[in-house]
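Numbering (this note's numbering), first residue to last: 18 to 254.
We treat Cβ as the ideally placed atom computed from N, Cα and C, and that holds for glycine.
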């Protein structure tokens, strides 16, 4: 049975001083909670309730809803209300496909060209992943997984490319959250990350590309399993 993440009461810690800061604070908080399934797909979002919770007027909340809609995270229906978007299976596959193409290109570029500092960062990240795995801390594991891949992009001077991929992959990200939060068998993820690091260190371009392809295609199988267990979270259009 799915249990949503408890949403912290951020308003007790911050009092936005301006409409702009209020809008950004509400946006970043709601976006975080949608991406991490604190707000489940299909949840109705009340403009009035959010306004009261964050102690802001309804105008910045309305602007936030528009921004989240542009991100693909909410659907706005006139006369019906605003709802957290269902996870779009076609968007998941498109995002995965684009990411596989880009990550293979970056792996080829990085293989054999990472500095000792970059290799140390990846090794340290893997050590932290192993600890998160033992502690079954899926939010930390998710963040470390992202940072592992981001480090390789940064090493190639592709920071903006990685940020673009993150924006494109919001539905893919929610699938990963759902997977990691309900299944703590992360051995394959860790093993593939170790294999990637070894291939990059050895300069094995083809091996690095093959491993990242397998790594990203895992979601195809996981997607089918999650769809069977949580059909109410998904749409295929």
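Query	Result
Between the Cα of residue 150 and the Cα atoms of 62, 198, 247 and 235, which residue gives the shortest distance?	198
Provide the residue(s) that pair with residue 104 in DSSP beta bridges, ordered along the chain.	251
Short of 6 Å in beta carbon distance, which residues of its chain neighbour residue 126, apart from the five on each side in sequence? Order them along the chain.	173
Ignore the nearest five residues each way along the sequence and tell me which others in residue 68's own chain have a CB closer than 6 Å to its CB.	75 and 78
Determine which residues share a DSSP beta bridge with residue 124 and list them.	Answer by DSSP bridge pairing: none, since residue 124 is not bridged.
May I ask which residues mark the beginning and end of the beta strand (DSSP E) holding residue 91?	91-94
Residues in its own chain within less than 7 Å of residue 119 by CB, not counting five upstream and five downstream?	178 and 182
Just how far apart, CA to CA, sit residue 108 and residue 242?	17 Å
Please report how far the alpha carbon of residue 220 lies from the alpha carbon of residue 232, in whole angstroms.	19 Å
Name, in chain order, the residues that DSSP records as bridge partners for residue 99.	62 and 93
Measure the beta-carbon distance from residue 234 to residue 186 and round it to whole angstroms, keeping in mind my assumption that it falls under 8 Å.	At roughly 15 Å, the Cβ-Cβ gap does not stay under 8 Å, so residue 234 and residue 186 are not in contact.
Take the Cβ of residue 96 as the centre, count every other Cβ of all protein chains shown within 10 Å, and call the residue buried at 16 or more, exposed below.	exposed
With H, G and I counted as helix, E and B as strand and the rest as coil, what does DSSP make of residue 142?	helix
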